[in-house]
Every structure is written in C-alpha cells, then in structure tokens.
Amino acid sequence: MAAVLTRDIVKKFGDVSAVNGISLTVPDGQFMVLLGPSGCGKTTFLRVICGLEKQTSGDLLIGGKVVNDIPPRARGVAMMFQSYGLYPHFSVRRNIAFPLRTQRVPGAEVDKKVAWASQLLGIDHLLDRRPRQLSGGERQRVALARALVREPTALLLDEPLSNLDAKLRASARQEIKQFQQRVGVTTIYVTHDQVEAMGMGDRIAVIDSGRVRQVGSPAEIYEDPADRFVATFVGAPPMNIVARNSGYLGFRPENFLPKDMMEDGSFTEFSFRVDRSEYLGSERIVYGVIAGFDPNQVITAKLPPAHVAEESIRPGEWHPFAVRNSALRHFDKDGQRSSGH
Amino acid sequence: MVSIAEPIAKPATPLRFILDRREVLGSLFVAPAILYVLLLAGVPFLLALYYSVSAYTIYDPSWRFVGLENFADILENPVFLQTLGNTFLFTFGSQIIGLILGKFGALLLLRPFRGRRIVRALVILPWAVPIALATVAWEWMFDSLYSVINWTLIALGIVTRSEAPNWLGTPHLAMLSVIVVNAWRFFPFAIVIFLAGITAIPQDVLDAATVDGAGFWRRNYQIIVPMILPIVAVGLIFGTVFTFTDLSIVFLLTMGGPVGATSVLGFEGFQVGIGSGDVSHGAATSLFMLPVLLVVVVAMLRFIRRREI
Numbered sequence: 015m016a017a018v019l020t021r022d023i024v025k026k027f028g029d030v031s032a033v034n035g036i037s038l039t040v041p042d043g044q045f046m047v048l049l050g051p052s053g054c055g056k057t058t059f060l061r062v063i064c065g066l067e068k069q070t071s072g073d074l075l076i077g078g079k080v081v082n083d084i085p086p087r088a089r090g091v092a093m094m095f096q097s098y099g100l101y102p103h104f105s106v107r108r109n110i111a112f113p114l115r116t117q118r119v120p121g122a123e124v125d126k127k128v129a130w131a132s133q134l135l136g137i138d139h140l141l142d143r144r145p146r147q148l149s150g151g152e153r154q155r156v157a158l159a160r161a162l163v164r165e166p167t168a169l170l171l172d173e174p175l176s177n178l179d180a181k182l183r184a185s186a187r188q189e190i191k192q193f194q195q196r197v198g199v200t201t202i203y204v205t206h207d208q209v210e211a212m213g214m215g216d217r218i219a220v221i222d223s224g225r226v227r228q229v230g231s232p233a234e235i236y237e238d239p240a241d242r243f244v245a246t247f248v249g250a251p252p253m254n255i256v257a258r259n260s261g262y263l264g265f266r267p268e269n270f271l272p273k274d275m276m277e278d279g280s281f282t283e284f285s286f287r288v289d290r291s292e293y294l295g296s297e298r299i300v301y302g303v304i305a306g307f308d309p310n311q312v313i314t315a316k317l318p319p320a321h322v323a324e325e326s327i328r329p330g331e332w333h334p335f336a337v338r339n340s341a342l343r344h345f346d347k348d349g350q351r352s353s354g355h
Numbered sequence: 023m024v025s026i027a028e029p030i031a032k033p034a035t036p037l038r039f040i041l042d043r044r045e046v047l048g049s050l051f052v053a054p055a056i057l058y059v060l061l062l063a064g065v066p067f068l069l070a071l072y073y074s075v076s077a078y079t080i081y082d083p084s085w086r087f088v089g090l091e092n093f094a095d096i097l098e099n100p101v102f103l104q105t106l107g108n109t110f111l112f113t114f115g116s117q118i119i120g121l122i123l124g125k126f127g128a129l130l131l132l133r134p135f136r137g138r139r140i141v142r143a144l145v146i147l148p149w150a151v152p153i154a155l156a157t158v159a160w161e162w163m164f165d166s167l168y169s170v171i172n173w174t175l176i177a178l179g180i181v182t183r184s185e186a187p188n189w190l191g192t193p194h195l196a197m198l199s200v201i202v203v204n205a206w207r208f209f210p211f212a213i214v215i216f217l218a219g220i221t222a223i224p225q226d227v228l229d230a231a232t233v234d235g236a237g238f239w240r241r242n243y244q245i246i247v248p249m250i251l252p253i254v255a256v257g258l259i260f261g262t263v264f265t266f267t268d269l270s271i272v273f274l275l276t277m278g279g280p281v282g283a284t285s286v287l288g289f290e291g292f293q294v295g296i297g298s299g300d301v302s303h304g305a306a307t308s309l310f311m312l313p314v315l316l317v318v319v320v321a322m323l324r325f326i327r328r329r330e331i
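Below, the structure written as structure tokens:
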C-alpha cells in the first residue's frame, strides 16, 4: 500500500507556481528523498503533504485516504523542520510529549511512549533539560523523537542536517538511516545535498522548477539520468555533456580515462587537452577541452588512484582519452534521454 | 595652487589625547543623564521623604520632625483608603483591558490585508496624541447631555433617553470611564509589545506545533503566550508603573469625583500637598506608591529571570 500518494499537485503563490504538478507514490516503509536545487519547490511540496499549505489543485492521499481538506493534526504525519522547531519553554520531556497531549492521550501512556522514543534515540538522560542546553546533534534527536512519538503514517524531514557541521552531518546521516530501517517508518526526506540523497534514499525524486524530473533508485539516477538536468545535477563533478549531431552526448568524469587504461570492448576516443589538474588525495580531477567540440566547454576527468600521483598528465598537452561506449549517454535536442546515435 | 602645510611635530602633552580614553569620554557623555536624574528625581525624592516626616505646610514652612505621625493620620482617613483602592482598581483594570486589546490587536495586525501599514500607523495614535487633547475628546463622549455613546445606545434602542447612563456622574461608571480611557491609551503600546514578541517566534516552532496537532487555542496559549511572556512582562512593568503614578486622566476627566470615587494616589497627593498646601500629608500620600511599585518591579524582574528562555 502506498503510505503517501500525490496526484498532480499544483501549488501557486499568486501567479508564481512553486509546485507544478507532482505525482508521486511513496510505498509503505520506503525512504524517499526529494532532491533538487534551492527554490525548486521541494519544501513547498512537503508542506502541502503535511497540510501547512493547501494545494491549489491535485489530490493527496495518506494511508489510502484523501486528505485534501483534512487539517494537519488529523493527517497522521509528523514533520521535522530545518531548525527543528523545538519549543524553547518546554523541557525535552514536554517537547516529546506535546504531539501526544494534543491528541489527549492518557498520562500513563504518554509517559510510556516518551520513554520509548527517548530510549530509541538515546536521549533519555536529557529529558529534564531545556532545548537551549542541548548541542545541535542532541536537538536533532529530540526533534526526531518528537516526530516519532505518535507513530506517524509518514515522517517528513525538511533538510534536517543543514544545521549540523560537516563532521556531525556524516554521522547523523548514518544514524537517521539506520534508525529509519529499524523503525520501518515511511520517510520523505527533502534535501539539496546529493550526497545525502544518494547515501540515504531507497528512491530519489529529482525535482526542478516544481516538476519531478526523474524517480528512481540512487543507481538509476546516477547511471541512467532521464535528462540533462538530472545528469548535471547529480554527481560531483557533474556529467560532461557535449553537443553532437543535433543532440547531446554525456559521460561521467570517472569514465573519461586515458586511452591506455581501456582494456577491451568498444570505446570512443577523444583528444583531450589538459588545462589544469587538481590533486585531491584519493583522486585527481583534470580539467581541459576535447578536440572537435566547443573549445570553451570545460570537460572534467576523474582519474582513479592508479593515476593520482602520476605526472604523465601534464597541463597544456594533448592526450588520447576514451570513454567506453557502454558509459556514453545520449540526449535529444530537448535534453531528454534518447536511446542511441 | 594648494600647498600642503608641513607637519609640525607637536610635543606630546599628557592632556592631548585625554578624550581618546574611553573612561574619560564615557563619563563625559553619561554625566548629563546622571545629573538630570539626580537633580530632577533624586533631590525631590529625598525632599519628599523629609516632608513626609515633618510638619511642613505652606502656611507654616517649619521643618519640625514629627516621625510617622503623617502616615498614621492618612491611614485613619477613609478618603485615603478609598483612594488607595481606586488606584489598584484603576491600574490593574486598565492594564488587563489594555493587554487583552493588545493581544487581539496584534493578532489582527499580523494578518496581511490591504492598508495594513496605514492601520498599523493609525493604531499608535492613542498613545501619541497629547493626553490632554485626547481626554477632552473623551470628556465630550461621556458628557451627560451630548454623549455620543448615549446617543448611539438610544438610537439602537438599547436604552431610553431617561435611563441613559450619566457616565462621569455615577461613581462606578466614572471609575469605569477613567479605566477605559487609560486602557485606550495603553493598548497601542501593548500591541507593539505583542507584535514584537510574536514576530520574534521562529516560524518553524509555530509550524511544528500545527503539525503536532495543536489547534488555534493550544498554539496560542501553550506556545505563543509562554514564549512572549518575558517581553509582555516588561511591557506590563512599564504600564503598571506609569498608570500607578498617573494623575492626568483623572485630573482632566473627573477631578477625582464624584465624591472621590475616581481619586487616585497621584491625584490625591497633588490635591492635598499642592492644592491645599498640606505638603507633609501630600508627601506621605504620594510615598505610599513607593513600596507598592517596588514590590511590583522586583516581583516581575524575578519572574522574567526565572522564565528566561
């Protein structure tokens, strides 16, 4: 059964449409990531799901029921906000208990559920503190506990890691994912960070200008992007796209290698002039142009460890490079994926 | 042609950079304010303290020390006791009405509507208009013959001409009238305080409460009000102190009447001390405000510190 299902959701603010007709199915227990650049409408879409915004048109189903006109409190979804939105005047205990109190859950059961949620997240020793006495990571767990305590049909997370520093973010990513698998709660996770999306999502919906560009597993999104936007948005550095025959040709930097590394199979050769090369420890990124294409278009190659320290790729010189044909992706003139040549 | 003067090497005197020293410049800037407080608040206060324990009147300006006799006198005076009660009623009545109006006014002004900026500016008027001017307008509205309020009540058929209330002539109604005028004067201030407090609440917190299942009332009374309580308490301290010591509305609207029904401490102190020339009893009356205000201010400051979030 689909925990959350949307049909052609449109949300307009005046004349500006933030969400342009999103149809999405999130099956029970799935971790769905909405990935897109800032201002693409992903947060607005999330706010429509939890009922903070009302869609201009389209249907929204949660747990199989149409909830278009049902207020947020009756939708059975929980949301965790970017800056957590903890209640500063309540203790951690009362913060976590709040969603239960609003549902008039009896006191004994509230205590039991608060204990369960706080143990699950390892914050049971913080219950009597105020939010301002907690670190960023602890606040995040409190917010997560508060979201989970009433066992929602779906958990909505709006860029929950953007307030943490880089180191904490990596471990929090791990934690949220493990935790989601353990509890099995359907999760919709909004982010603009592709590392989070690739690392955590069971499936990713790439969103741009209020539209879904592609829905798929992280591997599908990365390996078989549906259009030029997805191809260049996902991956760092992004996919190289060059114009060819009234269409476009794309290949990932890590598939663009010196010709002598090609062992067998069919491949396409390019003459590559190296302009600049960056040594990044575990890899080397090489920037340059390829002969026969737009001389202003920078092409990147990501060289594997075998080539990292090597000085053979010298700036200013032309080198024979190649891409395996199976790694080439073709797009038509509108930027949509096409099958071949 | 412009010639640039040769720099002349001045001998460095110890006084040359004296104004660059923070402690010197700082003291210099603060001095006027301190002098102002000392001369215009400190000295009169000490003078009042002395008057209250002396037998000073303008007919007999002696400095004879009489101890607490003046206080004993006024405490036995039923007029004074009534005045004390009136002052509390006047202060807290108008504060409560003002705060309630302020809360709802702020909530209304937070909603987007056409002309909101103009309404926000206009709402400040009761506070900005000179009190004398505003009170004269109110006086006409409460007038026994020309009251526009009564005219409206009669026109709506709520009362007949013969039973129309005499606002300033009946003791309870007169008290109600001065409270209403003061609340009217205070509520723009309350609106500003509430607006500042409410807009300082992060949107995420309000959204979280909505998604967590809180409806309008719960969001208001369990999230918004507790979060803005510290700033509202500060506003309330100011309102209480200003109202408790105020005599202008009573002076302009009712002169304490009818028969002392609206007399407040400030007004009574003025009448006795300046009007009748009995300076010592006037001072004693006025000084009754001090312990009350002290308690209010200390209690509220402690409350704020405890609630700090």
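Residue numbers (the numbering used here), protein chains in the order written: chain H, 15 to 355; chain B, 23 to 331. Note that the Cβ used here is the ideal one computed from N, Cα and C, for glycine as well.
Next on the checklist: Using only CA atoms, which one of B:P210, B:P36 and B:V254 lies nearest to I146 of chain B?
Outcome noted: Taking the second sequence and counting its residues from 1, the one referred to as residue 146 of chain B is at position 124. Considering only alpha carbons, the answer is B:P210.
Checklist entry - With a cut-off of 8 Å, do at least 3 Cβ pairs link the region 342 to 354 of chain H to the region 260 to 269 of chain H? => result yes
Next on the checklist: So I245 of chain B contacts chain H; which residues on that side make the cut at Cβ distance below 7 Å?
Outcome noted: Here residue 245 of chain B refers to the residue found at position 223 of the second sequence. Residues of chain H passing the Cβ test: Y101.
Next on the checklist: Considering only DSSP beta bridges, list what T200 of chain H is partnered with.
Outcome noted: Within the first sequence, numbered from 1, the residue matching residue 200 of chain H stands at position 186. Note: T200 of chain H sits in a beta bridge opposite H:A168.
Checklist entry - Can you tell me the Cα-Cα spacing of V24 of chain H and K68 of chain H, whole angstroms? => result Reading the first sequence from its first residue, position 10 is the one you call residue 24 of chain H. Reading the first sequence from its first residue, position 54 is the one you call residue 68 of chain H. Distance between the alpha carbons of V24 of chain H and K68 of chain H: 10 Å.
Item to check | According to DSSP, residues forming a beta bridge with L36 of chain H | outcome: Along the first sequence, read from residue 1 onward, the residue named residue 36 of chain H stands at position 22. It should be pointed out that residue 36 of chain H corresponds to Ile in this sequence rather than to Leu. Its beta-bridge partners are H:I23.
Item to check | Closest by C-alpha distance to R133 of chain B, when choosing among B:L217, B:I253 and B:V247 | outcome: For the purposes of this step, residue 133 of chain B is taken as the residue at position 111 of the second sequence. Closest option to R133 of chain B, Cα to Cα, is B:L217.
Next on the checklist: Just checking: is the beta-carbon of R240 of chain B within a distance shorter than 8 Å of some beta-carbon in chain H?
Outcome noted: Translated into the one-based positions of the second sequence, residue 240 of chain B becomes position 218. Yes, its Cβ sits closer than 8 Å to a Cβ of chain H.
Checklist entry - By Cβ distance, which residues of its chain are closer than 6 Å to G55 of chain H, with the 5 residues on each side in sequence left out? => result Counting from 1 along the first sequence, the entry for residue 55 of chain H is found at position 41. Around G55 of chain H: A32, V33 and G224.
Next on the checklist: Could you compute how far the alpha carbon of G43 of chain H sits from the alpha carbon of W239 of chain B?
Outcome noted: To locate residue 43 of chain H, count along the first sequence from 1; it is residue 29. To locate residue 239 of chain B, count along the second sequence from 1; it is residue 217. Their backbone Cα atoms lie some 34 Å apart in a straight line.
Checklist entry - My guess is that V200 of chain B and I271 of chain B are in contact by the Cβ rule of under 8 Å, so how many angstroms apart are they, rounded? => result In the second sequence, counting from the first residue as 1, residue 200 of chain B sits at position 178. In the second sequence, counting from the first residue as 1, residue 271 of chain B sits at position 249. Confirmed, about 5 Å.
Item to check | Beta-ladder partner(s) of H103 of chain H, from DSSP | outcome: For the purposes of this step, residue 103 of chain H is taken as residue 89 along the first sequence, with counting starting at 1. None; H103 of chain H has no bridge partner.
Checklist entry - Who pairs with G302 of chain H in a beta bridge, going by DSSP? => result As a working note, residue 302 of chain H is residue 288 in the first sequence. Note: G302 of chain H sits in a beta bridge opposite H:V288 and H:I313.
Next on the checklist: With three or more C-beta pairs closer than 8 Å as the rule, is the region 200 to 207 of chain H touching the region 171 to 180 of chain H?
Outcome noted: yes
Checklist entry - Secondary structure at M214 of chain H, three-state DSSP: helix, strand or coil? => result For the purposes of this step, residue 214 of chain H is taken as residue 200 along the first sequence, with counting starting at 1. Of the three classes helix, strand and coil, the one that applies to M214 of chain H here is helix, per DSSP.
Next on the checklist: Within the continuous beta strand (DSSP E) that includes A336 of chain H, where are the two ends?
Outcome noted: Position 322 of the first sequence, counted from the first residue, corresponds to residue 336 of chain H. Here the beta strand (DSSP E) through A336 of chain H covers W332 to R338.
Item to check | Sufficient close CB pairs (3 or more, under 8 Å) joining the region 219 to 232 of chain B to the region 98 to 109 of chain H | outcome: yes
Checklist entry - Out of curiosity, what's the CA-to-CA distance linking A186 of chain B and M197 of chain B? => result Here the question's residue 186 of chain B lines up with position 164 in the second sequence. Here the question's residue 197 of chain B lines up with position 175 in the second sequence. In a straight line, the C-alpha of A186 of chain B is about 17 Å away from that of M197 of chain B.
Checklist entry - For the region 176 to 190 of chain B against the region 286 to 305 of chain B, are there 3 or more C-beta pairs whose distance is under 8 Å? => result no
Item to check | Neighbouring residues, chain B, relative to F357 of chain H (Cβ below 8 Å) | outcome: Not covered by the structure: residue 357 of chain H. The range shown for chain H is 15 to 355.
Next on the checklist: Just to confirm the assignment: which complete alpha helix (DSSP H) runs, minimum length 4, are found wholly within the region 53 to 107 of chain H?
Outcome noted: 56 to 64
Item to check | Limits of the unbroken beta strand (DSSP E) element including Y262 of chain H | outcome: Position 248 of the first sequence, counted from the start, is the residue given in the question as residue 262 of chain H. Y262 of chain H -> beta strand (DSSP E) spans G261 to F265.
Item to check | Cβ shell of I223 of chain B (< 6 Å), same chain only, five flanking positions each side left out | outcome: Sequence index remark: in the second sequence, residue 223 of chain B carries index 201 (1-based). The answer, listed in chain order, is M249.
Next on the checklist: So, at 6 Å on beta carbons, what are the nonlocal neighbours of V106 of chain H in its own chain, with the 5 sequence-adjacent residues on each side left out?
Outcome noted: Start at 1 with the first residue of the first sequence, and residue 106 of chain H comes out as number 92. For V106 of chain H, where only same-chain residues beyond five positions count, the Cβ hits under 6 Å are L140, L141, R143 and V156.
Checklist entry - How close, in whole Å, do the beta carbons of W162 of chain B and Y168 of chain B come, if the pair is a contact with beta carbons under 8 Å? => result To locate residue 162 of chain B, count along the second sequence from 1; it is residue 140. To locate residue 168 of chain B, count along the second sequence from 1; it is residue 146. Sure, about 6 Å apart at Cβ, within 8 Å.
Item to check | Interface partners of R21 of chain H on chain B, CB under 9 Å | outcome: Within the first sequence, the letter at position 7 stands for residue 21 of chain H. Within chain B, no residue comes near R21 of chain H; the closest Cβ sits about 22 Å away, beyond 9 Å.
Next on the checklist: Using the three-state DSSP reduction, which class does Q350 of chain H fall into: helix, strand or coil?
Outcome noted: Mapped onto the first sequence, residue 350 of chain H falls at position 336. Q350 of chain H falls in the strand class under three-state DSSP.
Next on the checklist: If I follow the unbroken beta strand (DSSP E) through V256 of chain H, where does it start and stop?
Outcome noted: Counting from 1 along the first sequence, the entry for residue 256 of chain H is found at position 242. N254 to R258 is the extent of the beta strand (DSSP E) around V256 of chain H.
Checklist entry - Between the region 241 to 275 of chain H and chain B, which residues of the former have a C-beta closer than 7 Å to a C-beta of the latter? => result none
Checklist entry - If we cut at 8 Å on Cβ distances, does P134 of chain B have a partner in chain H? => result Within the second sequence, residue 134 of chain B is the residue found at index 112, counting from 1. Not one chain H Cβ lies under 8 Å of P134 of chain B.
Next on the checklist: Ignoring anything shorter than 4 residues, give me the alpha helix (DSSP H) runs that lie fully in the region 172 to 196 of chain B, in order along the chain.
Outcome noted: none
Item to check | Of the listed residues B:A143, B:T307 and B:L90, nearest to V101 of chain B (C-alpha basis) | outcome: By 1-based counting over the second sequence, the position of residue 101 of chain B is 79. Looking at the Cα atoms, B:T307 is the closest of the given residues.
Item to check | I221 of chain H (DSSP reduced to helix, strand or coil) | outcome: Translated into positions along the first sequence, residue 221 of chain H becomes position 207. DSSP places I221 of chain H in strand when its eight states are reduced to three.
Checklist entry - Of all the CB atoms in chain H, is at least one closer than 8 Å to the CB of P248 of chain B? => result Here residue 248 of chain B refers to the residue found at position 226 of the second sequence. Yes, P248 of chain B lies at the interface with chain H (some Cβ there is under 8 Å from its Cβ).
Checklist entry - Which word fits R328 of chain B, buried or exposed, when buried means at least 16 other C-beta atoms lie within 10 angstroms of its C-beta? => result For the purposes of this step, residue 328 of chain B is taken as residue 306 along the second sequence, with counting starting at 1. Under this definition R328 of chain B is an exposed residue.
Checklist entry - R43 of chain B: buried (16+ other C-beta within 10 angstroms of its C-beta) or exposed? => result Indexing the second sequence from 1 puts residue 43 of chain B at position 21. With fewer than 16 other Cβ atoms within 10 Å, it is exposed.
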